[in-house]
Amino acid sequence: MGGVRIQSGASIPNLINLCVDRSVEGEISGRIYHCYTEEPWRFENVVQLLRYLERFYDGIRFPEASVILRNFAGKERQKKPAEWKAVADKKEMMEHRGQCATFYVYVQYRQNASWQGTLVWKEKEREVEFRSALEMIMLVDNALGE
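Going by the UniProt record's numbering, the sequence shown opens with residue 1, and the numbers climb by one from there.
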């Protein structure tokens with residue numbers, strides 16, 4: 001996946017603009033932008049970020065999860081059928097910047113109960129592939145520590 005394609009946002013329906021506004025001792029908070037809402041989703045910690053992204057991928061059904069995540073209740077999560085339609089301009093969505101850093105997240109696969117894809121650090125114009133949600137979070141944390 002080339003950085004040029006991600007930078008332009010071309011043909012990437014699940015592209016996320018992750019704006020990190022605060023980073024304190026490894027905990028981050030900020031905003032998530034995508035094309036299916038004009039308002040950002042605000043997150044206060046890493047767990048909330050991961051939940052929002054999982055909800056987003058489930059909502060647009062892309063990429064499709066290869067497994068259903070388990071829980072202690074023993075029940076399958078009810079996936080609410082929703083109509084997700086692009087309402088925000090991709091170029092405009094990608095122009096938002098975080099106070100600490102900005103990352104573009106492109107998840108290509110959701111296999112083995114995790115995510116695989118590409119992370120672009122906008123300010124440094126660096127791109128790296130990740131093999132799990134944990135690795136993605138560690139890459140963000142490492143970038144913020146530089």
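We treat Cβ as the ideally placed atom computed from N, Cα and C, and that holds for glycine.
- Going by Cα to Cα distance, which pick from 119, 15 and 133 is closest to residue 127? Start at 1 with the first residue of the sequence shown, and residue 127 comes out as number 127. Each of 119, 15 and 133 was checked against the Cα of residue 127, and the nearest Cα belongs to 119.
- Item | CA-to-CA distance, residue 138 to residue 54, given in whole angstroms | Here the question's residue 54 lines up with position 54 in the sequence shown. Here the question's residue 138 lines up with position 138 in the sequence shown. Going by C-alpha positions, residue 54 is about 17 Å away from residue 138.
- Query: Which residues in the same chain as residue 121 place their Cβ atom closer than 7 Å to its Cβ, once the five residues preceding and following it in sequence are excluded?
  - Reply: Your numbering for residue 121 matches position 121 in the sequence shown. Taking C-beta separations shorter than 7 Å and ignoring five residues to either side along the sequence, the partners of residue 121 in its chain run 101, 103 and 143, following chain order.
- Starting from residue 55, follow the alpha helix (DSSP H) in both directions and report where the run begins and ends. For the purposes of this step, residue 55 is taken as the residue at position 55 of the sequence shown. First-last of the alpha helix (DSSP H) with residue 55: 46-60.
- Query: With distances taken between CB atoms, is the gap from residue 17 to residue 29 smaller than 8 Å?
  - Reply: Here residue 17 refers to the residue found at position 17 when the sequence shown is read from its first residue. Here residue 29 refers to the residue found at position 29 when the sequence shown is read from its first residue. Going by beta carbons, residue 17 and residue 29 fall outside the 8 Å limit.
- Message: Could you compute how far the alpha carbon of residue 4 sits from the alpha carbon of residue 75?
- Response: Sequence index remark: in the sequence shown, residue 4 carries index 4 (1-based). Sequence index remark: in the sequence shown, residue 75 carries index 75 (1-based). The predicted model places residue 4 with a pLDDT of 43, which falls under 50 and marks its position as unreliable, so this point remains unresolved.
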